[in-house]
Amino acid sequence: MKILVINGPNLNLLGVREPSVYGSRTLDDINKSINAFAKTLSAECDFFQSNSEGEIVSKIHTVLSDYDGCVINAGAYTHYSYAIRDAIAAVEKPVIEVHMSNVHSREEFRHKSVISAVCKGVIAGFGENSYILAVKALCDLK
Ligand code: DQA
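If you read the sequence shown in our numbering, its first letter stands for residue 108, the second for the next number, and so on.
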């Protein structure tokens, strides 16, 4: 099982960005934990972060040929990027939408996701465990 974990805008600032919402661990710390967990399930993870929509779209395209599934925290793009939505729909592999925070308990604009409908499932509100749960869910699909 080969999984691509994508993080979108501002998630490179985890650890310093709004720690009361996103915690004090860096993206690198979190990716190491995801990697260690994936290994226990004999899965392999690659990690990608970008602040730019086009780069995320192009990376999602690689899921088509190079991965069995994808975990994506699209950050604020979740709420309005039809380009990311269409890229997910195009690859026809299981993609799981994750959020560290419970977006439904936050500002109104975070309640809407334009990508959920084309994702296999959505996990939100469990901090870095949201990613771990998503990896587990992908492995269980196999
Ligand atoms: C987020 C929630 C989004 O609304 C926000 O724009 C983010 C992070 C989360 O992980 O909780 O950047 O996706």
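Positions of the beta carbon are idealized from the N, C-alpha and C atoms, including for glycine. Since we're looking at a predicted model, the values are computed, not measured.
- Checking the DSSP bridge columns, you'll see C246 has no partner listed.
- Residue pairing by DSSP places L111 opposite D153 and C177 in a beta bridge.
- Of the other Cβ atoms in all chains shown, fewer than 16 fall within 10 Å of the Cβ of E199; this residue is therefore exposed.
- Boundaries of the beta strand (DSSP E) around V229: G228 to A231.
- The three-state reading of DSSP puts E125 in coil, since its state is none of H, G, I, E or B.
- Take A196, set aside five residues on each side of it, and the residues of its chain with a beta-carbon closer than 8 Å to its own are V225, in chain order.
- Under the three-state reduction of DSSP output, V205 falls in the strand class.
- Comparing alpha carbon positions, the residue from K109, L111, M108 and Y129 closest to N117 is Y129.
- For L134, the uninterrupted alpha helix (DSSP H) segment begins and ends at L134 to T147.
- For V164, the three-state secondary structure derived from DSSP is helix.
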